[in-house]
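Inspection log for the structure reproduced underneath, given as structure tokens.
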Amino acid sequence: HLPNNAPSADGMDVVKILEPSVKDLTSKDSAKRSDAANKVAALMTEHHLYPISFAKMDGIKALVKLLGNTSATSCDRANACMALGHVAKHNAKLQEIVGSASLQVIVKLLRSKKATAIERNQASYALAQLANRNQRHQMALLKLGVFPDLVQQLSGSTDGDFGSAAYALATIADGIEKHQTAIRLEGAIGPLVQHLSSSFCPEDRIDAAFCLARLAENHEENQEAIFEEEELVPGLMLLLNSTSLAERINAMMAVSRIVEGYEEAQVAFAEAGAITTLIQALPCDAALRRPAIIALGSLATLNAQNQQAIVEAGTLEILVPQLCAGSSAERREAATTISKLVEGNEEVEVLLEDMGAIIPLRRELGLMKQAKNKKSEEHNSP
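Numbering-wise (this note's numbering), the sequence shown opens with residue 10 and increments by one.
Right, here's the structure in full:
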């Protein structure tokens with residue numbers, strides 16, 4: 010339930026701005042309905058107060074009703090899904106409200122044989138926003154059997170088909186083993202890997218890498234299935250060397266999840282030049298440096314040859330200052346990677362001692378262990 014006060018945005022009365030569109034969403038006049046759906050979809054991202062006020066005015070109910078209106082156009086339904094996704098994205102409370110009202114209706118639209126490409130794309134977008142960090146919605150989508158529909162969409166030929174489906178699958182997978190396995194068994198990995206080198210749409214490459222990272226996270230069978238794809242290493246190396254920041258970041262995260270504890274993959278990426286490419290990213294700003302550090306740690310895990318190559322390239326000279334003076338997140342990431350570089354390697358331990366890094370490393374690892382234990386206790390408490 011949302012409070013009933015009517016906020017104003019930048020001196021404007023939000024209710025007065027939204028009221029005509031909310032009313033027209035259920036109009037018998039098809040032109041008014043279409044204009045309203047289009048306007049609402051655009052407005053929901055313009056100001057943070059619009060989604061809140063829209064929900065209070067029963068706008069969500071009006072959008073769901075529009076989705077079920079047999080005389081609504083394809084664009085009407087697509088705009089309704091887009092608007093619902095925008096509202097759900099705003100905050101966790103609105104995400105729950107939108108999910109309760111629309112989840113099953115959106116899934117029904119997604120799997121309808123009459124649905125157009127634009128309807129499928131926006132339905133997938135809405136489902137992605139509903140599933141994002143929401144286990145209840147993730148489980149509901151698993152029970153509703155939405156994976157085959159989304160995986161089929163990965164092979165779509167229309168602009169936007171792949172990206173919206175890949176992003177939805179990634180948010181539903183979310184490191185949950187049961188979901189990750191189900192998505193792999195539906196055949197998602199092949200199309201995802203193929204799109205890493207897609208020239209059709211740059212965003213597809215980003216969504217493919219993002220989804221592969223989510224599917225591989227702490228899942229050995231998925232790591233192996235992904236690595237078995239011949240186009241994987243060339244595809245991710247292409248993105249690691251891209252001029253696009255988003256492509257490089259998502260490729261780094263995909264590499265880190267795929268190679269973690271997996272020697273064959275670690276060797277393959279090292280031979281392809283991943284270590285050199287990642288080290289070159291370390292002097293960059295934090296947005297690029299942090300995922301590079303994580304990926305280097307994954308390449309070094311229980312791999313003496315990679316450990317040596319990373320240390321000899323001077324990586325510790327960048328990691329140790331971050332361990333000692335970085336933000337809390339940067340210290341954790343530096344400590345994690347350094348601990349993987351020093352594991353079973355006495356020479357690295359001596360280097361760290363000479364750099365005065367042993368005490369800061371132990372302190373940070375101790376803090377991480379405490380935080381992990383506390384989180385475990387909270388999860389297990391009744």
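C-beta: ideal position from N, C-alpha, C; glycine also.
As the structure is a prediction and not an experimental result, all values here were calculated from the model.
Residues of its chain near residue i, where Cβ-Cβ distance is below 8 Å and the 5 sequence neighbours each way are ignored
i, result
"T190", "H228, E230, N231"
"N14", "In this predicted model, N14 has a pLDDT of only 48, less than 50, meaning its place in the structure is not dependable enough to derive any value."
"L75", "L34, T35, R42, A46, A81, D85, R86, A89"
"T54", "H95"
"R371", "none"
"V160", "A174, L178, I192, E195, G196, A197, P200"
"L249", "R257, A260, M261, V264, A283, T286, L287"
Neighbour flag for residue i against chain D, beta carbons, 8 Å
i, result
"I302", "Protein chains in the displayed structure number just one, and chain D is not present."
Alpha-carbon spacing of residue i relative to residue j, whole angstroms
i, j, result
"E280", "P292", "22 Å"
"G77", "L247", "44 Å"
"S80", "S39", "8 Å"
"G20", "H95", "Below a pLDDT of 50, predicted positions are generally treated as unreliable, and G20, at 43, falls in that range; the measurement from the model is reported next regardless. Roughly 23 Å separates the two Cα atoms."
"A51", "L93", "11 Å"
"V107", "K65", "12 Å"
"V23", "A97", "19 Å"
"L153", "E226", "24 Å"
"R142", "A182", "10 Å"
"A338", "R299", "9 Å"
"F8", "S207", "No statement about residue 8 is possible, as the shown extent of the chain runs from 10 to 391 and does not include it."
"I215", "A322", "28 Å"
"M262", "K381", "22 Å"
"L221", "V202", "8 Å"
"A304", "S265", "4 Å"
"E356", "E186", "37 Å"
"L224", "K25", "45 Å"
"V49", "T324", "50 Å"
"A432", "Q162", "There is no way to answer for residue 432, as the model of the chain reaches only from 10 to 391."
"Y176", "Y134", "8 Å"
"L374", "L332", "11 Å"
"K70", "V31", "10 Å"
"I198", "L178", "11 Å"
"M377", "L194", "35 Å"
"K123", "Q144", "30 Å"
"R340", "Q379", "15 Å"
"H188", "F219", "16 Å"
"K383", "A318", "36 Å"
Top-ranked residue by Cα proximity to residue i, from the options
i, options, result
"D44", "H56, A263, L27", "L27"
"L103", "G68, Q113, C333, F278", "G68"
"V320", "G335, L287, K48", "L287"
"P330", "A366, R298, L311, E358", "A366"
"T345", "E355, G323, P369", "P369"
"A217", "H188, K187, R257, E272", "R257"
"V268", "E212, E233, K378, D294", "E233"
"H57", "K25, V31, N100", "N100"
"I284", "L245, T252, G165", "L245"
"S251", "Q289, A274, K378", "Q289"
"G282", "L194, V242, S336", "V242"
"Q275", "R193, E240, Q314", "Q314"
"S173", "L332, A334, A110, A140", "A140"
"N259", "M148, E239, E212, E240", "E212"
"R120", "F171, G375, P157", "P157"
"F209", "Y59, A197, H146, D170", "D170"
"H204", "L376, L194, I192, E238", "E238"
"S109", "G196, M91, L159, L136", "L136"
"A149", "R340, L194, E195, E105", "E105"
"D363", "R340, E326, K384", "E326"
Cut-off 7 Å between Cβ atoms - residues of its own chain near residue i, not counting five sequence neighbours on either side
i, result
"K41", "D33"
"L254", "A296, L297"
"E272", "N312"
"V351", "V357, E358, L361"
"S164", "P200"
"G335", "A343"
"L112", "L139, H146, A149"
"F278", "V242, V264, V268, L308"
"S83", "T125, I127, E128"
Own chain, CB closer than 6 Å to residue i, minus 5 neighbours either side, in chain order
i, result
"A302", "Looking at the sequence shown, residue 302 is not Ala but Ile. Answer for I302: E342, T346, listed in chain order."
"F63", "L27"
"Q138", "G94, A97, K98"
"K349", "G306, A309, T310"
"V406", "Absent from the structure is residue 406, since the part of the chain shown begins at 10 and ends at 391."
"Q316", "A309, L350, N354"
"T180", "A137, A140, N141"
"Y59", "L52, M53"
"V114", "V73, L76"
"P29", "none"
Heavy atom of the ligand GDP within 7 Å of residue i beta-carbon
i, result
"H99", "For the ligand GDP, the structure offers nothing, since it holds no ligand at all."
message = Three or more C-beta pairs under 8 Å: does that hold for the region 73-89 against the region 123-130?
response = Flag = yes, the region 73-89 and the region 123-130 touch.
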